[in-house]
Amino acid sequence: MKTRKSAMAKLATVGLAMSMGLAAGNAAANEFISIGTGGVTGVYYPVGGAICRLVNANRSEHGIRCGVESTGGSIFNTNTIRDGELDFGIVQSDVQYNAINGEVQFEGDAYEDMRAVFALHVEAFTVVAREDAGVSEFDELEGMRVNVGNPGSGQRATLEQLLELQDKDFGVYSQASDLVASQMAAAMCDNQVDAIIYVVGHPSGAIEEATTSCPGKLVNVTGSAVEQMLNEFPYYAATTIPGGMYSGNPDDIETFGVGATLVTAASVSDDVVYELTKAVFENLDSFKDLHPALSTLDAESMMSEGLSAPLHPGAERYYREAGMM
Ligand code: GLU
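Per the working numbering, the sequence shown starts with residue 8, numbered consecutively.
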């Protein structure tokens, strides 16, 4: 009885909050928006949460309610925005480029209505191997059991592209498993796979798990195929995972990386995109404090780096108004 009463009281409060939202009378009043992210132990998920937190803080002014969804990653987010089932999504800059230009995974199937909002943190092509696998270079993974990522994930797409450059495919591994990001560290520690691959910002929960639940070792990703990736594709850049970030991994790790970017569809309203952009840029210092991977962001690169799709007019309106362009 008691529980029921308090549940009723809660409902009444929600109703009140909703009618207050309505009363705000803004063009975007009472709109629900969703951001597609990635696995809960990645960086997209908490970063999406940080964006929503800033949007929701001003809900009484604009009436927009923002929620995050844990998803399969970049390719999934792109396809789901395209289908109109997500309003925003975080996607790797290589996936954004390929989608808008109809290349690689999107060959002959360009997503022309994709729109860029802003860039986020840097993501490193991250490989962790079991200590007993004795691997120190990416090429040594051939013949081993490797988690190549779930279909829909950015890591699977980037790995495929890297192997393709060498005329190789997942067949070079004795086993190519497709576990989602949140399951792969446990699988490696249980000796079901020798190594896991994740395109992710740092620090990330999944890599922390893979280096503390068992002694996972970060692996360098260098060599001629990587050189070729860097030369051939504008969206890849060399990057370093700093030594000491994860336990048992004191040395700097050399690899390549991409940028995480926030994208939307041309059909999402200018007001909604404007309010979301404004919420993040006007609170950039608090945003940077919400996750360590965001700490090095700056406004200038956020509105330009890794954005190959046209800017959404709502984002552009904010950048112009703020004198940024
Ligand atoms: N880069 C990964 C992907 O596109 C997601 C990384 C994360 O969740 O932080 O699937």
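Here a beta-carbon is modelled for each residue, glycine too, at the ideal position from N, C-alpha and C. Computed from a prediction, not measured in an experiment: that's the story for all the values here.
DSSP beta-bridge partners of residue i
i, result
"residue 182", "152"
"residue 89", "DSSP output for residue 89 lists no bridge partner at all."
"residue 359", "Here the chain comprises residues numbered 8 to 332, so residue 359 is not present and cannot be evaluated."
"residue 295", "In DSSP, residue 295 forms no bridge with anything."
Backbone CA spacing between residue i and residue j [nearest angstrom]
i, j, result
"residue 70", "residue 160", "32 angstroms"
"residue 110", "residue 202", "28 angstroms"
"residue 258", "residue 127", "26 angstroms"
"residue 319", "residue 131", "26 angstroms"
"residue 117", "residue 157", "22 angstroms"
"residue 137", "residue 208", "21 angstroms"
"residue 222", "residue 277", "48 angstroms"
"residue 52", "residue 91", "20 angstroms"
"residue 323", "residue 125", "10 angstroms"
"residue 59", "residue 72", "8 angstroms"
"residue 102", "residue 82", "7 angstroms"
"residue 316", "residue 57", "23 angstroms"
"residue 231", "residue 168", "14 angstroms"
Nearest candidate by alpha-carbon position, reference residue i, set the options
i, options, result
"residue 148", "179, 158 and 214", "179"
"residue 68", "102, 279 and 297", "279"
"residue 237", "188, 118, 265 and 52", "265"
"residue 153", "131, 176, 172 and 284", "176"
"residue 390", "272, 313 and 323", "Beyond the ends of the chain as shown, which are 8 and 332, falls residue 390; an answer cannot be given."
"residue 226", "220, 216, 234 and 205", "205"
"residue 78", "260, 107, 48 and 230", "48"
"residue 120", "173, 88 and 150", "88"
First through last residue of the alpha helix (DSSP H) which encompasses residue i
i, result
"residue 61", "51-64"
"residue 200", "From DSSP, residue 200 is part of no alpha helix (DSSP H); its letter is neither H nor E."
"residue 309", "306-309"
"residue 288", "277-288"
For residue i, the first and last residue of its enclosing beta strand (DSSP E)
i, result
"residue 363", "Residue numbering for the chain in the displayed model covers 8 to 332; residue 363 lies beyond these limits and cannot be assessed."
"residue 99", "95-99"
"residue 269", "260-272"
With 16 other Cβ atoms within 10 Å as the buried cut-off, status of residue i
i, result
"residue 198", "exposed"
"residue 326", "buried"
"residue 251", "exposed"
"residue 44", "buried"
"residue 181", "exposed"
"residue 334", "Examination of residue 334 is not possible in this model, given that the chain is present from 8 through 332 alone."
"residue 332", "exposed"
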